[in-house]
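Engineer: Here it is, the structure, as structure tokens.
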Amino acid sequence: MSASSNQKAVAVLAEFANPAVLLHAAEKVRDAGYDKYDCHSPFPVHGLDAAMGLKKSILGWVAAAGGIAGGSIAFALQWWVHNHGYAMNLSGKPYFAFQAYVPVTFELTILGACFGTVIGMFIMNFLPWYTHPVFESDNFRKATDNGFFISIEAEDERFDAKKCYAFLQSIGGKNVEVLIPNE
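Going by the numbering used here, the sequence shown opens with residue 22, and the numbers climb by one from there.
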């Protein structure tokens with residue numbers, strides 16, 4: 022282990038051979054009781070969320086709420102404009118001709134869902150987050166091409182750099198390293 026005892030570790034990073042090994046390692050990390058860890062892969066690995074014990078995201082509900090809000094605001098604004106703000110009787114047509122409201126209501130429903138999704142994603146992922154300790158690892162550059170990694174964060178209540186190092190090696194981790202921030 023390359024970390025000296027007087028330096029503060031921020032994470033422990035380990036590389037795994039392939040997606041199947043990563044999947045089983047994630048299950049072992051979850052079963053060991055770690056909460057603040059992440060799996061890194063160059064492509065989505067089917068079943069990894071379940072192996073990590075992640076709950077289903079509420080982002081879909083946030084998008085739905087944004088869409089309903091956008092559509093409701095669009096419909097209400099058009100209704101108010103045509104019935105109260107600038108009411109004009111054109112060729113005997115009714116004031117409340119909701120069929121004409123459909124295009125604008127649809128577009129603002131989609132716009133509201135998009136804004137809800139982006140804002141929800143930023144809030145749920147604590148963005149903007151400009152850097153992460155794993156980016157300081159030269160070995161981690163393979164994560165975008167052919168590397169499969171697990172990082173256990175120092176914020177985890179069970180974190181101990183030496184124990185995490187040994188644990189990740191015991192479950193098949195290669196190139197295990199303790200990450201210490203550059204100062």
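Cβ coordinates follow ideal geometry from the N, Cα and C atoms, glycine included.
(1) Note down the Cα distance separating aspartate 70 from valine 123, rounded to an integer number of angstroms.
(2) Use the C-beta contact count for glutamine 99: other C-beta atoms within 10 angstroms, 16 or more gives buried, fewer gives exposed.
(3) If you draw a straight line from the alpha carbon of cysteine 185 to that of proline 149, how long is it in whole angstroms?
(4) Return helix, strand or coil for glycine 81, following the three-state DSSP convention.
(5) Are there 16 or more other CB atoms within 10 angstroms of the CB of serine 25, so buried, or fewer, so exposed?
(6) Do you know whose CA, among Gly194, Ile131, Asp56, lies nearest phenylalanine 170's CA?
(7) Answer with buried or exposed for alanine 118, where buried requires no fewer than 16 other C-beta atoms within 10 angstroms of its C-beta.
(8) Using only the alpha-carbon positions, how far apart do aspartate 159 and alanine 121 sit?
(9) Going by Cα to Cα distance, which pick from Ala187, Leu200, Val199 is closest to alanine 53?
(10) Tell whether a beta-carbon distance below 7 Å holds between glutamate 174 and lysine 57.
(11) Between alanine 32 and the rest of its own chain, which residues show a CB-CB distance below 7 Å, the 5 nearest in sequence each way excluded?
(12) With a Cβ-Cβ cutoff of 7 Å, do tyrosine 116 and histidine 105 count as a contact?
(13) What whole-angstrom Cβ distance do glycine 92 and threonine 130 have, given they're in contact under 8 Å?
(14) Under three-state DSSP, which class holds leucine 200?
(15) Identify whether leucine 132 lies in helix, strand or coil by the three-state DSSP scheme.
(16) Taking the beta strand (DSSP E) that serine 172 belongs to, which residues open and close that run?
Structural biologist: Answer, in terms of the structure:
(1) Against the sequence shown, residue 70 aligns to sequence position 49. Against the sequence shown, residue 123 aligns to sequence position 102. Approximately 39 Å between the Cα atoms of the pair.
(2) Locating residue 99 in the sequence shown gives position 78, where the first residue counts as 1. Buried is the call here.
(3) Taking the sequence shown and counting its residues from 1, the one referred to as residue 185 is at position 164. Taking the sequence shown and counting its residues from 1, the one referred to as residue 149 is at position 128. Distance between the alpha carbons of cysteine 185 and proline 149: 28 Å.
(4) Translated into positions along the sequence shown, residue 81 becomes position 60. In the structure shown, glycine 81 sits in a helix (DSSP, three-state: H, G or I).
(5) To locate residue 25, count along the sequence shown from 1; it is residue 4. Residue confidence for serine 25 is low, a pLDDT of 47 falling below 50, so the modelled location carries little weight; the figure read from the coordinates is stated next. It counts as exposed.
(6) Locating residue 170 in the sequence shown gives position 149, counting from the first residue. Of the listed residues, the one whose Cα sits closest to phenylalanine 170 is Gly194.
(7) Here residue 118 is taken as the residue at index 97 of the sequence shown, counted from 1. Exposed, by the Cβ-count rule.
(8) Numbered from 1 along the sequence shown, position 138 holds the residue referred to as residue 159. Numbered from 1 along the sequence shown, position 100 holds the residue referred to as residue 121. Between aspartate 159 and alanine 121, the C-alpha separation is close to 58 Å.
(9) The residue labelled residue 53 in the question sits at position 32 within the sequence shown. Of the candidates Ala187, Leu200, Val199, the one whose C-alpha sits nearest the C-alpha of alanine 53 is Ala187.
(10) Stepping through the sequence shown from its first residue, residue 174 is reached at position 153. Stepping through the sequence shown from its first residue, residue 57 is reached at position 36. For glutamate 174 and lysine 57, yes; Cβs fall inside 7 Å.
(11) In the sequence shown, counting from the first residue as 1, residue 32 sits at position 11. Correct list, in chain order: Pro154, Val155, Ser172, Ile173, Glu174, Ala175, Leu200.
(12) Locating residue 116 in the sequence shown gives position 95, counting from the first residue. Locating residue 105 in the sequence shown gives position 84, counting from the first residue. Cβ atoms of tyrosine 116 and histidine 105: not closer than 7 Å.
(13) For the purposes of this step, residue 92 is taken as the residue at position 71 of the sequence shown. For the purposes of this step, residue 130 is taken as the residue at position 109 of the sequence shown. Rounded, the Cβ-Cβ distance is 4 Å, consistent with contact.
(14) Looking up residue 200 in the sequence shown gives position 179. Reduced to three states, the DSSP call for leucine 200 is strand.
(15) Start at 1 with the first residue of the sequence shown, and residue 132 comes out as number 111. In this structure, leucine 132 counts as helix in the three-state DSSP scheme.
(16) Against the sequence shown, residue 172 aligns to sequence position 151. Residues 169 to 174.
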